[in-house]
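**Q** Have a look at this one before I ask anything.
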Amino acid sequence: MKTLMKTTAIAATGLIMAACTQSGYTERNAAAGAAAGAVAGAVIGNNTGDGDAGKGAAIGAAVGGAAGAAKGCTEAADCDTPGVKDQPDEKDSDGDGTVDAYDDFPYDPGRW
Numbered sequence: 020m021k022t023l024m025k026t027t028a029i030a031a032t033g034l035i036m037a038a039c040t041q042s043g044y045t046e047r048n049a050a051a052g053a054a055a056g057a058v059a060g061a062v063i064g065n066n067t068g069d070g071d072a073g074k075g076a077a078i079g080a081a082v083g084g085a086a087g088a089a090k091g092c093t094e095a096a097d098c099d100t101p102g103v104k105d106q107p108d109e110k111d112s113d114g115d116g117t118v119d120a121y122d123d124f125p126y127d128p129g130r131w
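For the sequence shown, my numbering gives the first residue as 20, with consecutive numbering after it.
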């Protein structure tokens, strides 16, 4: 019963935290990953090692949440990675030195 309560508490916390955000992709995927990770971790933790499902659920939630957040960040394309010009105000598709946001012809290097 304790394990079920811990797993439920971890999953509910992740869902509540995801419900309070604006953008959505990263947070929803993090919550889904945490929930799936908690369930998988509880099953694996219960069936291996010392049989501690609560510890497995906590580890699974952390790993699943991180993986879900990374997936959501990739889908949303709104995570600004330093050194990677992936945002609309950073991209220069034609290589003319003018970023696409300010380039009248973003795919024609001869005109800007």
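Ideal placement from N, C-alpha and C gives every residue a C-beta, glycine not left out.
Under the three-state reduction of DSSP, which class applies to Gly52: helix, strand or coil?
**A** helix
**Q** According to DSSP, is Thr45 part of a helix, a strand, or is it coil?
**A** helix
**Q** Should the region 79 to 95 be regarded as contacting the region 52 to 69, the criterion being three or more beta carbon pairs within less than 8 Å?
**A** yes
**Q** Ignore the nearest five residues each way along the sequence and tell me which others in Met24's own chain have a CB closer than 6 Å to its CB.
**A** The answer is none, since no qualifying residue turns up.
**Q** Using 7 Å as the threshold, is the C-beta distance between Ala57 and Gly64 below it?
**A** Against a cut-off of 7 Å, the Cβ pair of Gly64 and Ala57 comes out as no contact.
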